[in-house]
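A.B. asks: Sequential numbering from 1030 applies to the sequence shown in my numbering.
Note that the Cβ used here is the ideal one computed from N, Cα and C, for glycine as well.
All of these numbers come straight from a predicted model, not from anything done at the bench.
Below is the structure I would like to discuss, written out as structure tokens.
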Amino acid sequence: MFYKFDNTALEPQHIFSTIGIWMSDTINTTLGELFTEYGSILIGLAELATALALLSPIVLWKHREKLHCIGGLMASVVMTGAIFFHIFTPLGWHPTWQVANEAACQAVFIAPNACTDAGLANAALSILVLGIVMMWLNKKPN
């Protein structure tokens, strides 16, 4: 999550600029430009709020079921968005981005100056499933 706030890692730069360009072409130019510039911060804040909701029962034990249900819902919503963008935009499940050299690639080096990695998409899918499970396990019986 931290790399979404400092904008120095190549993979998130590629992800958010690809989605921003897609938004500019399909929805609205201004929205696409805003997403390219601030999307990583907005998504990072949503992920941080989700993490706090899921971890807050450490302090607020009495409300753990409610907080875990809310946190599971938040995780599911955020990851549904991530999966949507990986499936329905040019980003794809295996994003490929440019690097200066093989040493700069922290994923799979596939060609001269190119990396690919499905790790974030796979993580989004697993977090979506686990968020749904957490919601279901912590819902109040009627």
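Cys1098 lies in the alpha helix (DSSP H); which residues open and close that run?
C.D. replies: Arg1093 to Phe1117
A.B. asks: Is it buried or exposed, His1092, if we count other Cβ atoms within 10 angstroms and call 16 or more buried?
C.D. replies: Classification for His1092: exposed.
A.B. asks: Using DSSP's beta-bridge definition, name the partner residues of Ala1143.
C.D. replies: Gln1127 and Ala1140
A.B. asks: Can you give me the C-alpha to C-alpha distance between Ala1143 and Gly1101, rounded to a whole angstrom?
C.D. replies: Rounded to the nearest angstrom, the two C-alpha atoms are 35 angstroms apart.
A.B. asks: Please state the DSSP three-state secondary structure of Pro1170.
C.D. replies: Three-state result, Pro1170: coil.
A.B. asks: Does the count of Cβ pairs from the segment 1057-1067 and the segment 1094-1112 closer than 8 angstroms reach three?
C.D. replies: Here the segment 1057-1067 does not lie against the segment 1094-1112, with fewer than 3 beta-carbon pairs under 8 angstroms apart.
A.B. asks: Does the count of Cβ pairs from the segment 1080-1090 and the segment 1124-1132 closer than 8 angstroms reach three?
C.D. replies: No: the two stretches stay apart, fewer than three of their Cβ pairs being nearer than 8 angstroms.
A.B. asks: By Cβ distance below 7 angstroms, which residues in the same chain neighbour His1043 in space, the five residues on each side in sequence not counted?
C.D. replies: Within the same chain, His1043 has close Cβ partners Pro1124 and Trp1126.
A.B. asks: Tell me the DSSP secondary structure of Ile1050 in three-state form.
C.D. replies: DSSP places Ile1050 in helix when its eight states are reduced to three.
A.B. asks: Work out the CA separation of Ala1129 and Ala1075 for me, nearest whole Å.
C.D. replies: The alpha-carbon of Ala1075 is positioned some 31 angstroms away from that of Ala1129.
A.B. asks: Quick test of your reading: Glu1062 and Gly1049, contact by CB under 8 angstroms. State the CB separation rounded to the nearest angstrom.
C.D. replies: 7 angstroms
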